[in-house]
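Before any comments, here is the structure.
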Amino acid sequence: METYAVLQLLWWLLLGVLLIAVAVMVGMDMGVGTILRHVGRTDTERRVVLRIIDPHWEGNQVWFVLGGGAVFAAFPLIYATAFSGFYIVMLLLLWAMILRPLGFGYRDHLASARWRGMWDWALFISGLVPMVVFGAAFGNLFLGVPFDFSWNLTSTYSGSFIALLNPFAILCGLLAVSLAVFMGAVTVMKGAEGVIHQRSHRLARHASLLAIVLFAIGGIWVYTMQGFVLTQSPGAGVPQTPLQQMVSVAPGAWFANFRGQPLLWLLPVLGLAGMLLGFLAANARRGLLAWWFGALAWTGVISTAGVALFPFLLPSSLEPAQSLTIWNASSSELTLLWMLGFTVVLLPLVIWYTSWAFYIMRGKVTAGHVESDEHDY
Amino acid sequence: MFELSVVELSRWQFAITALYHYLFVPLTLGLSLMIAAMETVYVTTGKQIYRDITRFWTKLFLINFALGVATGLTMEFQFGTNWSFYSSFVGDIFGAPLAIEGLMAFFLEATFIGMMVFGWDRMSRGQHLAVTYMVALGSNLSALWILVANSFMQMPEGAFFNPVTMRMELASFGELIFSANAQAKFVHTSIAGYVTGAIFVAGISAWYMLKRRHMELARRSFRMAALFGVLSTAGVITLGDALGFVGGQAQPAKLAAMEGLWQSEPAPMPFNLVGFPSQKDQTNYGEVQIPYALSLLVTHSLDGTVPGFDELEKRATQRIRNGIPAVQALQTLSRNPGDATALEQFRAHESDLGYGFLVHRYAEDVGAATDAQISQAASDTIPHVATIFWSFRLMVAMGLGMLAFFVLAVIYSLRNDVQHQRWFLRVAVWMIPVPFLANEFGWLVAELGRQPWTVYEVLPTWMSASTHSVGYMVFSLAGFVALYTAFIVAEMYLMVRAIRIGPAAPDDGGDGSGAAADDRHLDGQAAGYAGA
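Shown next as C-alpha cells:
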C-alpha cells in the first residue's frame, strides 16, 4: 500500500482512539455533572462529588480540545463541513461546555445557596447537553447530512437545525448520555462513601441496562436504514477532492463491512459485553472494575460506528457523491506524517503524567476533605 | 455568492470573542510564571511568607484562568463553525500547530493545574514546585503554537497551493514553525503577557500598601513584580521593533496603515507622530511629523524607504490582473482535473491566485471583470488606516508609559520606600487596566492590519467565512454577547472580592496600629530581602 494510504488509515484509527478518549474521559466528568444534583442532595454532598473530579476534569477536557484539533489537522474538510453545517447544534454544545470551567472554578467562591444552586444547574446542563449532541452527531452521520460543495469546495448546508434532532439522532444521544451517566456514577461510586455511594450505585445499574437496550435498538434501526456505498473513487492514498467519486445508496448498506469481514462483529459484541459486565461489576460495588468495563463499552460502541461507516466520515444526504471519506477529506501526506511524529512522541508522555496525576490524587473523598479545602482557595 | 453582511457579522463575532479571550490569556502567561518564581523562593528559602504569597496570587490566577479556558474553547470551535472555507483551504497547514498545541501544551497546563490546586498536601515541596513550572511551561508553549499558526496567516511560509486538492498544503514544516515572523511574534506577545502579570501584581500590591494591609506580602510581591516588569517591558519594546521590521517587509500595507503613509516619499522619510487619517480623501489631517524618523524606525537606516498606498494600490492592480487567469484555470481544473492547458495556465499565474480571488468578490466571472471592479478590488487592499494608526500609537505609548512606571517602581522598591510614595502607589493601581488595553490594541494592529486577507495575499477574508444566514449569525452573536457579559460580571465580582478579602494569612496591618506594624516589618525585612 502507498505510504499516504497507510497514513490516512492510521489517522482514521487515531481519530477513533481520540473519540473514545473523549467519550471516556470527558464523558465521565459530564456524567458526574449530569447526576450531581441527584446524588448530592446537600451542599457538602455535592462538594464531595465535585471534589472527586475537581483535580482532573480540566486535564480530561483536553481530550476534547485535542479531538477537535486533530480533526482540523488531519481531516480539515470534516472539521470545516461538520462544524459549520451543525452550526446551531455546535453553538449549543459550545455554550454548554464553556459553562463548565466556570461551574468548577467559581461555584465555591460564594457561600450563597442561590449562587451555588445556579452553578449546579450549569454543571447539569454542561454535562447533559454536550453528551446528547455528541451522540446525536454520530446518529446523523448514519443518516447523512444535507451539504454540498461548490467548484472551489465552499460547503453549503441546506438543512434546518431541527432536522438534526431526528428520532434516530436522539436515540444515539440518549445512548451517549446513558453511557456517560454510567461512567459518572461509577466514578462517584469509587470516590465517595455512604449515601452518595448508594445513590450512584443505583444510577450506575440503571444506566448500564438502559445503554444495552438503546444500543440494541440502534443496531436494528441502522440495519433497516439507507446506507452509503462508494462505487467509484480515485482510491485510497490518491490526492483528490470530493467532486470525483460516485456513491450509491442502499438499505442495509451500513452492514456491508460486517458481512465482508465477519470478525468485525466482535466490536459490537465488545460494546454489549462492556455494558453487561459493567452492570455486573457496578452491582458488585466494584467501582474501578466497572469503570474499565464502561471504557470497554465505549470502545465497542464507537468502533462499531466507525467500522460501519468506513470509508465514509461524513456522508452527504443532499449529494451522496460528494460525501466525505477518509480518502478525500484527509490532509496531505506531509502533514499527516508530521502530526504522526508529534503524536508518537507526545501522547505516551501525556498518558504517563496523566496517570501520575490520578495516582497522586487516589483515594476516597470525604466531607473532611472539602471542609479543609474551604480555607485554601 | 452569499451576502457580505454574513462575512461582516462573522468578523465581528470573531473579533469580539478573540479580544475577550485575549483579556485573560496574557495574565495567565505572566502570572503563571511569576507564581512559579514566587514558589521557587518559597522552596529555596523555606519562608512561610512566600508560601502565602504563592497561594494568594494562585487564588487570583485561578479566577482569571477559568474564564481563559472557557473562552478558549470558543476559539477552537470558531474556525470551523464560522470560517469553514478558511479551515478547509488552509487546514492542512493551520490545523497542525493547533493540534500540537493541544498535545504539547494544553495537556501539560490542564493536567498540572489540578495538581497545583489540590496537590499541596499530597506531594513534596519540590514536586509541587515542578508542577507549578509545568503549568507555566504549558501556557507559554500554547502561546508558541497559536502564534505559529497566526504567523502563517500573517506571512504564509512553508506552504503551496495544490490544484489537485484545491487547497493550500504544507511544503516545509520547518519553514512554518521557524518563520522569522512567528519567532518575533511569539516573544513579543508572550512577554507582553509577563508585563501584564507584573502590572497586575504591582497594582494590587500597591492597593494593599495604600490601605496598609498585608504590608509584608504586598512589598515583597511588589518588588518581584517591579523587577520582572522592567525586564519584560524592555523586552516587549525591543521585540516589537523587531516584529515591525520583519512584518513591515512581509506586509507593506499593514506598515503603511500603521504609519498613515498614503504617498510614497523619498528617503529619509518623516514619521507621522500624530494625525487624523481619512480613508476617503487618502490623506492625514493635522499631521505632526518627526523628520528622518520613519526611515530609521522601519529600515534601521537613513536611506531606506517603504512604499505608500499609492504605490501599493498600483502593485495590487497588476497582481489582480495577473491573478485572474489563475482563478479561471482553477475553475477548469475543478471540472476536469486532467486538463493540461489549464494546469499550465495556473502554474504561470499561481503567485497571484489570492489577488484573483479578491476581484472574484465583485465579478462572478472573473474573466469579465471590468476596470472599475478591478480598481475596487485594488482599493480593498488598503486596510482601515485610522483604526490601525491610532491603535498602534496607543499601544506604543502605553508600552513606553509602562517602562517608565517600572523604572520608577524598581528604584523606589530597591530604596525600600515605595510604601511612602503614596502618589506612586495610586498610579500603580491605575496602571492595572493599561497592559490589558495595550494587548487589545496590539491585536487590532496585527489582525486589522492583515485585512482584506485571512491569509496574507493568499486567501481573502470575504471568501473565508461559512455560508450561514444572517439570522444564524445574529442569533450566535447575541448569544455570545449575553453569555460573555454575564461571565465578565461574575469574574470581576469574584476578582475584586478576592482582592478585598486578601490573603488567607493573618493580616499584618489594617488595624489602628497598622502604620506602626509596617515600620516594624520594614526593619525586620531588610535581611529577608537580601536573602531573597
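If you're matching them up, the sequences are chains A and B in order.
In terms of the working numbering, the first sequence opens at residue 194 and continues consecutively.
In terms of the working numbering, the second sequence opens at residue 787 and continues consecutively.
Beta carbons are placed, not taken as given, at the ideal position from N, Cα and C, and that holds for glycine.
1) Looking at chain A, which residues of the region 865-877 of chain B have a Cβ within less than 9 Å of any of its Cβ atoms?
2) Taking Gly561/A as the reference, give the member of Ala198/A, Ile245/A, Asp222/A and Glu195/A with the closest Cα.
3) Would you be able to state if there are at least three C-beta pairs under 8 Å between the region 453-468 of chain A and the region 493-505 of chain A?
4) I'd like to know whether the C-beta atoms of Gly1257/B and Phe276/A end up nearer to each other than 7 Å.
5) Residues bridged to Phe1062/B by DSSP?
6) Could you check whether the region 868-883 of chain B touches the region 1245-1254 of chain B, counting it as contact only if at least three pairs of C-beta atoms, one from each stretch, sit closer than 8 Å?
7) Which partner residues of Trp1239/B appear in the DSSP bridge assignment?
8) I'd like to know whether the C-beta of Tyr416/A is nearer than 7 Å to at least one C-beta of chain B.
9) Assuming Gly332/A and Val370/A form a contact by the criterion Cβ under 8 Å, report the distance between their Cβ atoms to the nearest whole angstrom.
10) With 9 Å as the limit, tell me which residues of the region 881-906 of chain B have their beta carbon closer than that to any beta carbon of chain A; keep them in chain order.
11) What are the residues in the region 907-936 of chain B lying within 7 Å of chain A by C-beta distance?
12) Would you mind sorting Leu795/B into buried or exposed? The rule is 16 or more other CB atoms within 10 Å of its CB.
13) Compare the C-beta of Glu238/A with all C-beta atoms of chain B and state if any pair is closer than 7 Å.
14) Jot down the residue ranges of each uninterrupted beta strand (DSSP E) in the region 451-503 of chain A, minimum 3 residues, whole runs only, in chain order.
15) Under 7 Å between beta-carbons, which chain B residues line up against Gln254/A? List them in chain order, please.
16) Give the single residue among Phe361/A, Gly480/A and Asn521/A whose Cα lies nearest to the Cα of Gly430/A.
17) Could you pull out every residue in the same chain whose Cβ sits closer than 7 Å to the Cβ of Glu1136/B, ignoring the five residues on either side in sequence?
18) Put Val440/A into one of helix, strand or coil per three-state DSSP.
19) So is Tyr994/B buried or exposed if we call it buried at 16+ other beta carbons inside 10 Å?
20) Does Val1032/B come out as helix, strand or coil in the three-state DSSP assignment?
21) If I'm right that Leu357/A touches Phe279/A with Cβ under 8 Å, what's the distance once you round it to whole angstroms?
22) Just curious, the alpha helix (DSSP H) that Met1181/B is in, first and last residue?
23) Thinking His974/B and Leu1025/B are a contact (beta carbons under 8 Å), I'd like their distance in whole angstroms, please.
24) Cα-Cα, which of Pro1169/B, Ser958/B and Pro1246/B is closest to Glu1045/B?
25) Grab the span of the alpha helix (DSSP H) containing Met1281/B for me, first residue to last.
26) Can you tell me which of Leu813/B, Val1220/B, Trp906/B and Ser1161/B puts its alpha carbon nearest to the alpha carbon of Ala1183/B?
27) At 9 Å on the CB atoms, spell out the chain A contacts of His1254/B, in chain order.
28) Would you say the region 303-322 of chain A touches the region 845-861 of chain B, given that touching needs at least three Cβ pairs under 8 Å?
29) Roughly how many whole angstroms lie between the Cα atoms of Met290/A and Gly310/A?
30) Can you tell which of Ile318/A, Ser509/A and Ala488/A has the C-alpha that lies nearest to the C-alpha of Tyr350/A?
31) Checking contacts by CB at 7 Å: is Ala273/A closer than that to chain B?
32) Suppose contacts are defined by Cβ-Cβ distances below 7 Å. Is Gly298/A in contact with Gly226/A by that definition?
33) Quick one: which chain A residues come within Cβ less than 7 Å of Ser1199/B?
34) Check whether the Cβ of Gly258/A lies closer than 7 Å to any Cβ atom in chain B.
35) What would DSSP say about Gly912/B, mapped onto helix, strand or coil?
36) Where does Phe851/B sit, in a helix, a strand or coil, going by DSSP?
In short, the structure shows the following:
1) Phe865, Gly866, Thr867, Asn868, Trp869, Ser870, Phe871, Tyr872, Ser873, Ser874, Phe875, Val876 and Gly877
2) Ile245/A
3) yes
4) no
5) Tyr1071/B
6) yes
7) Pro1246/B
8) no
9) Not confirmed; about 13 Å, so no contact.
10) Gly881, Ala882, Pro883, Leu884, Ala885, Ile886, Glu887, Gly888, Leu889, Met890, Phe892, Phe893, Leu894, Glu895, Ala896, Thr897, Phe898, Ile899, Gly900, Met901, Val903, Phe904, Gly905 and Trp906
11) Arg908 and Met909
12) buried
13) no
14) none
15) Ala896
16) Asn521/A
17) Phe947 and Ala1112
18) strand
19) buried
20) helix
21) 6 Å
22) Val1171 to Leu1200
23) 4 Å
24) Pro1169/B
25) Val1256 to Ile1287
26) Val1220/B
27) Ser277, Tyr280 and Tyr350
28) no
29) 18 Å
30) Ser509/A
31) yes
32) no
33) Under the 7 Å cutoff, chain A gives no residues; its nearest Cβ is about 28 Å from Ser1199/B.
34) Looking at the sequence itself, residue 258/A is Val, so the reference to Gly does not match. Yes, Val258/A lies at the interface with chain B (some Cβ there is under 7 Å from its Cβ).
35) helix
36) helix
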